[in-house]
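> Got a structure here, written out as structure tokens. Questions coming.
Chains as they are written, first to last, in full-length UniProt numbering: chain A, 1 to 335; chain B, 1 to 222.
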């Protein structure tokens with residue numbers, strides 16, 4: 001478990017302190033995939049680096065499994081960092097070392113593994129990230145996705161319990177992003193690793209995160225389970241991110257709504273109810289007529305969901321609302 | 001024909017002078033690297049926003065390097081005489097030329113090392129830190145290997161600079177091709193000796209540059 005207790009960071013520029021992170025409380029549970037979303041400059045990069053103390057907090061405490069890591073001396077800190085893997089947007093592989101040597105590097109630095117141990121662990125990790133044949137190549141000979149796989153393998157070398165991902169897919173094309181995210185989800189599931197992931201793409205959060213925090217202006221403005229934050233965003237910044245990820249043009253949507261008659265409802269289905277033949281049933285029971293203004297059916301991690309915006313004309317509106325409620329569908333009255 | 005054109009050239013003398021130049025450049029390059037490399041690493045590490053940021057230490061080190069680099073080599077040769085006598089026992093000959101050559105070469109090389117270390121991506125330092133490396137491990141395991149092509153290029157440039165410095169040391173009786181060119185080519189008006197020594201120096205520099213370029217290429221993995 002990672003706990004941030006009133007952690008803050010500011011930079012001294014001349015005699016002014018510029019806050020990068022305002023005092024923040026945050027708890028990340030063991031074994032979960034936690035996403036931190038924000039625009040560049042929102043403070044998410046600082047936040048993730050405060051966990052392995054690449055950035056020193058100017059106030060507050062960072063607790064990992066109950067231990068205050070901010071008080072560690074240099075040797076304790078190095079031992080702690082071996083238990084926290086990290087991957088980067090630009091991979092940061094050593095160009096002078098082969099793929100296998102890059103993966104072996106953290107183990108060699110640790111100085112506690114035998115040559116045989118290192119060799120077998122490297123082979124195991126190469127297999128895990130599907131790069132078994134590429135061990136003798138140099139990073140410059142690999143594609144972006146392959147480089148990030150090497151980054152993941154390297155981060156896992158010393159069997160960490162936490163993996164920090166700093167915009168790990170932002171330099172990759174959509175297909176490669178998919179495959180790296182699948183790899184991360186697999187690692188989380190099979191090794192039980194806690195993953196903290198920062199990104200500016202809501203889509204990345206939607207695919208693999210359990211919980212999410214949205215950052216803006218150096219503070220967390222909204223957080224919670226991804227399904228809640230995603231389907232019912234409260235803060236304007238969160239809404240922007242969600243709309244952006246769903247490719248929704250808000251002005252266009254508004255125009256569509258103005259042309260529709262009657263009441264406008266937004267229905268949100270989650271899990272099982274997504275697949276129920278509900279609309280026809282409600283229409284018959286209440287006598288309302290629907291037209292669909294917009295809709296989307298997708299998955300958040302493993303949970304299927306649907307979101308429909310309807311305009312309703314005629315019939316018994318009260319009855320229709322009650323039917324939706326009974327079917328466990330969340331109803332929001334837009335107009 | 002050749003006899004009359006190169007009548008003054010004593011090939012044995014040329015051979016010995018070439019060997020002396022080779023020894024001077026080789027030895028002074030060795031010591032320049034041995035002293036300049038750690039100095040360059042220290043300059044980098046103590047620099048602004050680096051791992052061992054130390055403004056005072058950086059300022060002092062940087063000042064010393066700048067002073068040695070701004071003194072013209074011909075003056076350095078003369079100023080260094082007492083120091084050279086202290087270290088070597090004489091300020092004459094091939095051995096006497098080596099200390100001033102190192103005093104000129106080491107700070108020059110140190111700056112080149114500092115520059116090539118600065119060109120290493122900061123992300124690589126950060127990643128190595130995140131793996132739990134200490135400063136020594138970051139320098140030896142990541143920074144120097146990543147900067148190796150730049151450092152080899154720096155050694156090449158330093159070696160070539162030392163060839164021209166070594167030629168100058170002829171002025172204070174340093175020996176080598178430069179000494180020969182001044183004593184025979186210039187003072188005795190033996191133009192043929194001058195032409196041969198200069199031609200040999202040109203060939204020497206060309207060979208050094210070629211070797212350096214090949215090594216840089218071999219160690220570049222980008």
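In this text, a Cβ means the ideal position worked out from N, Cα and C, and glycines have one as well.
Taking 8 angstroms as the threshold (beta carbon to beta carbon), is residue 156 of chain A in contact with chain B?
Walking along the first chain from the start, residue 156 of chain A turns up at place 156. It does not; no Cβ of chain B falls within 8 angstroms.
> Using a Cβ distance threshold of 8 angstroms, determine whether the stretch 99-110 of chain A contacts the stretch 147-159 of chain A, with at least three qualifying pairs required.
Yes, the stretch 99-110 of chain A touches the stretch 147-159 of chain A.
> Anything in the stretch 140-165 of chain B with a Cβ closer than 8 angstroms to a Cβ of chain A? List those residues in chain order, please.
Residues 141, 142, 145, 146 and 148.
> Between the stretch 124-138 of chain B and the stretch 77-97 of chain A, are three or more C-beta pairs nearer than 8 angstroms?
Yes: at least three Cβ pairs fall under 8 angstroms.
> Bridge partners for residue 12 of chain A per DSSP, in chain order?
Locating residue 12 of chain A in the first chain gives position 12, counting from the first residue. Bridge partners of residue 12 of chain A: A/17.
> Between residue 188 of chain A and residue 166 of chain A, what straight-line distance do the alpha-carbon atoms span, to the nearest angstrom?
Your numbering for residue 188 of chain A matches position 188 in the first chain. Your numbering for residue 166 of chain A matches position 166 in the first chain. The alpha-carbon atoms of residue 188 of chain A and residue 166 of chain A are separated by roughly 16 angstroms.
> Just verifying my parser: in three-state terms, what is the DSSP assignment at residue 172 of chain A?
The residue labelled residue 172 of chain A in the question sits at position 172 within the first chain. Looking at residue 172 of chain A - three-state DSSP - the assignment turns out to be coil, as it is neither helix nor strand.
> Out of curiosity, what's the CA-to-CA distance linking residue 102 of chain B and residue 163 of chain B?
Walking along the second chain from the start, residue 102 of chain B turns up at place 102. Walking along the second chain from the start, residue 163 of chain B turns up at place 163. Between residue 102 of chain B and residue 163 of chain B, the C-alpha separation is close to 12 angstroms.
> Considering only residues of the same chain and omitting the five flanking positions on each side of residue 84 of chain A, which have a CB-CB separation below 6 angstroms?
Walking along the first chain from the start, residue 84 of chain A turns up at place 84. Within the same chain, residue 84 of chain A has close Cβ partners 52, 160 and 162.
> Considering Cα atoms alone, identify which of B/17, B/59, B/203 and B/7 is closest to residue 175 of chain B.
On the second chain, position 175 is the one that residue 175 of chain B refers to. Closest by alpha carbon: B/17.
> For residue 136 of chain B, would you say it is in contact with chain A, using Cβ-to-Cβ distances shorter than 8 angstroms as the test?
In the second chain, residue 136 of chain B corresponds to position 136, counting from 1. No, residue 136 of chain B lies away from the interface with chain A (no Cβ there is under 8 angstroms from its Cβ).
> Note the first and the last residue of the continuous beta strand (DSSP E) segment covering residue 37 of chain A.
For the purposes of this step, residue 37 of chain A is identified with residue 37 of the first chain, where counting begins at 1. Taken as a continuous stretch (DSSP letters only), the beta strand (DSSP E) holding residue 37 of chain A covers 33-38.
> Check residue 27 of chain A in the structure and name its three-state DSSP category.
Position 27 of the first chain, counted from the start, is the residue given in the question as residue 27 of chain A. It is a strand residue.
> Would DSSP call residue 225 of chain A helix, strand or coil?
In the first chain, the residue the question calls residue 225 of chain A occupies position 225. Of the three classes helix, strand and coil, the one that applies to residue 225 of chain A here is strand, per DSSP.
> Could you check how far apart the C-beta atoms of residue 210 of chain A and residue 34 of chain A are, in whole angstroms? I think they sit under 8 angstroms.
As a working mapping, residue 210 of chain A is identified with position 210 in the first chain. As a working mapping, residue 34 of chain A is identified with position 34 in the first chain. Right, the Cβ-Cβ distance comes to about 7 angstroms (below 8 angstroms), so this counts as a contact.
> Going straight from the alpha carbon of residue 283 of chain A to that of residue 300 of chain A, what length do you get?
Along the first chain, one-based indexing puts residue 283 of chain A at 283. Along the first chain, one-based indexing puts residue 300 of chain A at 300. Residue 283 of chain A and residue 300 of chain A: Cα-Cα distance of roughly 28 angstroms.
> Under 7 angstroms between beta-carbons, which chain A residues line up against residue 221 of chain B? List them in chain order, please.
Position 221 of the second chain, counted from the first residue, corresponds to residue 221 of chain B. 95, 96, 138 and 140, listed in chain order.
> Under 8 angstroms between the Cβ atoms of residue 246 of chain A and residue 296 of chain A?
Here residue 246 of chain A refers to the residue found at position 246 of the first chain. Here residue 296 of chain A refers to the residue found at position 296 of the first chain. Result yes, Cβ atoms of residue 246 of chain A and residue 296 of chain A sit closer than 8 angstroms.
> Measure from the C-beta of residue 243 of chain A to each C-beta in chain B and report whether the shortest distance is under 8 angstroms.
Counting from one through the first chain, the residue named residue 243 of chain A turns up at place 243. No, its Cβ sits nowhere closer than 8 angstroms to a Cβ of chain B.
> Please confirm if residue 78 of chain A has its CB atom under 8 angstroms from at least one CB of chain B.
On the first chain, position 78 is the one that residue 78 of chain A refers to. For residue 78 of chain A, the answer is yes, since a Cβ of chain B falls inside 8 angstroms of its Cβ.
> Please tell me whether residue 291 of chain A and residue 310 of chain A are closer than 8 angstroms, where the distance is taken between their beta carbons.
Your numbering for residue 291 of chain A matches position 291 in the first chain. Your numbering for residue 310 of chain A matches position 310 in the first chain. The answer is yes: Cβ separation under 8 angstroms.
> Given 8 angstroms as the limit, is there contact between the stretch 234-248 of chain A and the stretch 267-280 of chain A, that is, 3 or more CB pairs closer than that?
As far as the Cβ criterion goes, the stretch 234-248 of chain A does not touch the stretch 267-280 of chain A, which means the pair count is below three.
> State the CB to CB distance for the pair residue 264 of chain A and residue 293 of chain A, rounded to an integer number of angstroms; the pair is presumed to be in contact (CB under 8 angstroms).
Counted from its first residue, the first chain places residue 264 of chain A at position 264. Counted from its first residue, the first chain places residue 293 of chain A at position 293. Confirmed, Cβ separation roughly 7 angstroms.
> I need the DSSP call for residue 188 of chain A, collapsed to helix, strand or coil.
As a working mapping, residue 188 of chain A is identified with position 188 in the first chain. It is helical.
> Can you confirm whether the stretch 59-67 of chain B touches the stretch 143-156 of chain B when touching is taken to mean that 3 or more C-beta pairs between the two stretches lie within less than 8 angstroms?
Because the criterion of three Cβ pairs below 8 angstroms is not met, the stretch 143-156 of chain B and the stretch 59-67 of chain B do not touch.
> Taking only runs of the alpha helix (DSSP H) that begin and end inside the stretch 33-108 of chain B, which ones reach a length of at least 4 residues, in chain order?
As far as the stretch 33-108 of chain B is concerned, its whole alpha helix (DSSP H) runs of at least 4 residues are 55-70, 73-79 and 81-88.
> Please classify residue 193 of chain B: does DSSP put it in a helix, a strand, or coil?
Numbered from its first residue, the second chain carries residue 193 of chain B at position 193. Helix at residue 193 of chain B.
> Can you find a C-beta in chain B that's less than 8 angstroms from the C-beta of residue 110 of chain A?
Here residue 110 of chain A is taken as the residue at index 110 of the first chain, counted from 1. Chain B, which has a Cβ nearer than 8 angstroms to the Cβ of residue 110 of chain A, makes this yes.
> Confirm the yes/no value for this check: CB of residue 208 of chain B, any heavy atom of the ligand HEM, distance under 7 angstroms.
Judged by which ligands are present, the structure shown has none, so any question about the ligand HEM falls away.
> Against residue 163 of chain A, what residues of chain B qualify as contacts under a CB-to-CB distance less than 8 angstroms, listed in chain order?
As a working mapping, residue 163 of chain A is identified with position 163 in the first chain. Simply none; closest approach about 11 angstroms.
> Using only alpha-carbon positions, find the residue among A/330, A/260, A/125 and A/221 that is nearest to residue 36 of chain A.
As a position in the first chain, residue 36 of chain A is number 36, starting the count at 1. Residue A/221 is the option with its Cα nearest to residue 36 of chain A.
> Buried or exposed, going by whether 16 or more other CB atoms sit within 10 Å of the CB of residue 326 of chain A?
For the purposes of this step, residue 326 of chain A is taken as residue 326 along the first chain, with counting starting at 1. Counting Cβ neighbours within 10 Å, residue 326 of chain A comes out exposed, since fewer than 16 surround it.
> Using the C-alpha atoms, what's the distance from residue 243 of chain A back to residue 316 of chain A?
Mapped onto the first chain, residue 316 of chain A falls at position 316. Mapped onto the first chain, residue 243 of chain A falls at position 243. Taking the straight line joining both Cα atoms gives about 32 angstroms.
> Please report whether the beta-carbon of residue 1 of chain B lies at a distance below 8 angstroms from any beta-carbon of chain A.
Here residue 1 of chain B refers to the residue found at position 1 of the second chain. Per-residue confidence for residue 1 of chain B stands at a pLDDT of 47, beneath the threshold of 50, marking its modelled position as unreliable; the derived number appears in the next sentence. Not closer than 8 angstroms to any Cβ of chain A, the Cβ of residue 1 of chain B fails to qualify, so no.
> Do we get a CB-CB distance below 8 angstroms when we pair residue 124 of chain B with the residues of chain A?
Here residue 124 of chain B refers to the residue found at position 124 of the second chain. Residue 124 of chain B counts as touching chain A.
> Helix or strand or just coil, what does DSSP make of residue 103 of chain A?
Position 103 of the first chain holds residue 103 of chain A. Residue 103 of chain A: helix per DSSP, three-state reduction.
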